[in-house]
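Please read the structure below before turning to the comments.
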Amino acid sequence: MQYDGNLVLYSGSRACWASGTDGTNGVYAEFSGDWKPDSPYMTLESPVGQLRKWRGKYTGLHKTGDVSLNNKGEVWIAYGKFVGC
């Protein structure tokens, strides 16, 4: 998360993905990996409410997960690839 409220994925000095939430104060990321029907998901929140929401996926009986960044520059939400550089 950048100081301007934009969540950005970089490859070296090149930005390859951005949330588009720059200029919003107090932005933070939140992950929900509970058993709700629309889980798993990651949201960007601000003091005035939800700004963005992205869904991941579960596989089979695996109903847990997290948000992770691997050494290939891929961001995963639980078992669903979200974005990569």
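Here the numbering used here = 1-based position in the sequence shown + 31.
From the three backbone atoms N, C-alpha and C, an ideal C-beta is built for every residue, glycine too.
Next on the checklist: Tell me the residue span of the beta strand (DSSP E) that contains M73.
Outcome noted: For this step, residue 73 is matched to residue 42 along the sequence shown. M73 -> beta strand (DSSP E) spans Y72 to S77.
Checklist entry - Looking only at its own chain, which residues have a Cβ that is under 8 Å from the Cβ of Y72, when we skip the five neighbours before and after it? => result The residue given as residue 72 occupies position 41 in the sequence shown. Only F62, S63, K84, W85, R86, G87 and I108 meet the Cβ criterion.
Item to check | DSSP-derived helix/strand/coil call for C116 | outcome: Against the sequence shown, residue 116 aligns to sequence position 85. Coil.
Checklist entry - Does the beta carbon of L82 fall short of 8 Å from some heavy atom of the ligand NAD? => result Ligands displayed in this structure: none; no statement on the ligand NAD is therefore possible.
Item to check | Whole-number beta carbon distance between L82 and V58, since they are thought to touch under 8 Å | outcome: Locating residue 58 in the sequence shown gives position 27, counting from the first residue. Locating residue 82 in the sequence shown gives position 51, counting from the first residue. Confirmed, Cβ separation roughly 7 Å.
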